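In our numbering, the protein residues as written are 416 to 790.
We treat Cβ as the ideally placed atom computed from N, Cα and C, and that holds for glycine.
Everything numeric in this text was worked out from a predicted model, so none of it was measured.
A quick write-up on the structure given underneath.
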């Protein structure tokens with residue numbers, strides 16, 4: 416497979432040129448206008464942010480993309496699926512309220528917002544997974560699959576289990592209905608190594624399923640019947656006291672996300688955009704966001720989601736870590752072990768390379784790319 420082109424521009428602008436205008440110029444240079452959108456439904460998949468989180472992409476960027484789609488004759492809508500865990504996006508009514516509070520509405524974005532898997536997260540379509548090894552079929556939100564054209568608008572940042580969240584995370588996990596998210600998560604249930612637990616209660620604060628309790632010795636216990644295997648507790652523990660019963664679970668999660676991505680993008684025109692900004696250490700699903708671990712780097716676009724994620728990873732690996740951050744604190748610790756990349760140094764228990772390797776293996780795209788820089 417020949418190299419894919421990934422188009423890049425930084426966040427520098429001249430007086431009189433906005434960042435949204437620069438984003439529009441980038442995606443046009445990357446070829447978005449070559450897609451026949453005339454009279455067609457165009458899904459723009461993005462994350463509206465959990466309430467309390469301020470690291471998610473601003474609605475201004477969504478409007479910039481939607482406006483280009485409309486210029487091409489398309490009918491855009493913003494979309495996401497409901498969450499598996501309790502929070503402010505667990506059903507469509509809360510999800511739409513959350514989006515509106517965070518600034519996403521028809522006025523600010525210039526298009527409608529549709530929660531793809533319906534009111535309760537059960538409105539899905541069973542979609543074949545091309546070359547799937549772990550999932551032969553994927554449960555995808557119906558509105559995502561009803562669209563003629565699919566665009567992913569991704570906030571590239573850290574993630575406490577997947578290592579980073581980019582195009583494949585936004586598409587694969589984000590387009591899964593509640594059943595789809597469960598299918599991706601179910602291979603791993605974490606447990607507490609009691610002798611290592613310090614009773615700090617950080618894991619319980621991170622748990623979205625109210626599944627962690629404490630015994631008389633103030634040691635944590637995870638109820639396997641309630642646990643959904645999301646892995647938030649693993650990333651939150653500073654004392655390596657929470658392990659996964661299935662040692663391959665993070666790798667399996669990444670591979671399943673890749674397979675769900677394949678189900679979403681196969682057989683129709685797709686385009687992908689990532690912004691490396693506000694690079695928080697954890698997912699935008701958190702009801703808070705810690706300080707960025709890396710400086711703002713730039714905006715990227717490609718027809719290839721694998722190449723796009725790889726390019727984002729490479730740019731982040733070259734960036735200087737921010738000292739006053741989770742990553743900076745870890746690197747300054749006297750017992751710091753350098754894992755050789757920013758994602759493991761920020762969250763030591765993560766796994767990310769397997770996601771891209773598997774995505775390439777099953778034919779979504781290639782990790783080989785040519786970076787085309789636009790000033």
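Shown here for residue 599: same chain residues with a beta carbon closer than 7 Å to its own, the five before and five after excluded, namely 588, 591, 668, 671, 672 and 675 in chain order.
Each residue's CA atom was taken as its position, placing residue 639 and residue 659 some 11 Å apart.
Going by DSSP, residue 475 is part of no beta strand (DSSP E) but of the alpha helix (DSSP H) stretching over 474-486.
In summary, residue 416 is exposed, with fewer than 16 beta-carbon neighbours lying within 10 Å of its beta-carbon over all protein chains present. The residue from 708, 653, 603 and 781 with its alpha-carbon nearest to that of residue 571 is 708. In the displayed model, residue 546 falls within coil according to three-state DSSP, outside both helix and strand.
Taking residue 758 as the centre and dropping the five residues before and after it, the same chain places the C-beta of 578, 579, 765 and 767 closer than 6 Å to its C-beta, in chain order. Between the C-alpha atoms of residue 703 and residue 521 there is a straight-line separation of about 25 Å. In this structure residue 532 is in contact with residue 496, their Cβ atoms being roughly 4 Å apart against a cut-off of 8 Å.
Per DSSP, residue 420 is one residue of the beta strand (DSSP E) stretching across 419-424. Between residue 637 and residue 616, the C-beta gap is not smaller than 7 Å, which leaves the two residues out of contact. Residue 744 has its alpha-carbon roughly 7 Å from the corresponding atom of residue 738. The Cβ-Cβ distance between residue 787 and residue 418 does not fall below 7 Å. Here DSSP, grouped into helix, strand and coil, assigns residue 435 to helix. Under the 8 Å Cβ criterion, the region 501-513 does not count as touching the region 470-481, having fewer than three qualifying pairs. Under DSSP, the beta-bridge partners assigned to residue 685 are 565. Annotated as proximal: residue 582 and residue 723, with beta-carbon spacing under 7 Å. Shown here, residue 746 sits in a helix according to DSSP, grouped into three states. In the three-state reduction of the DSSP assignment, residue 665 falls in the helix class, which pools H, G and I.
Under DSSP, the beta-bridge partners assigned to residue 494 are 460 and 529. Distance from residue 492 to residue 458 at the Cβ level is roughly 6 Å; contact confirmed, criterion being Cβ atoms closer than 8 Å. Taking a C-beta distance under 7 Å as the contact criterion, residue 514 and residue 528 qualify as a contact pair. If you draw a 10 Å sphere on the C-beta of residue 679, you find 16 or more other C-beta atoms in it, and that means buried. Counting every other CB atom within 10 Å of its CB across the protein chains shown gives residue 747 a total below 16, marking it as exposed.
Nearest C-alpha to residue 603 among 576, 691 and 610: 576. When C-alpha distances from residue 586 are compared across 647, 650, 490 and 686, the shortest belongs to 686.
Looking at the DSSP output, residue 714 shares a beta bridge with 424 and 690. The criterion of a C-beta distance shorter than 7 Å is not satisfied by residue 452 and residue 568. Nearest to residue 476 by C-alpha distance, out of 502, 439, 503 and 448, is 439. Annotation for residue 594: the continuous alpha helix (DSSP H) segment containing it runs 593-600. Residue 548 and residue 431 have their alpha carbons spaced roughly 50 Å apart. DSSP, read as helix, strand or coil, puts residue 539 in strand.
According to the DSSP secondary-structure assignment, residue 628 is paired through a beta bridge with 636. Assignment of residue 775 by DSSP, reduced to helix, strand and coil, places it in the helix class. Taking a C-beta distance under 7 Å as the contact criterion, residue 730 and residue 761 do not qualify as a contact pair. Nearest to residue 535 by C-alpha distance, out of 692, 560 and 593, is 593.
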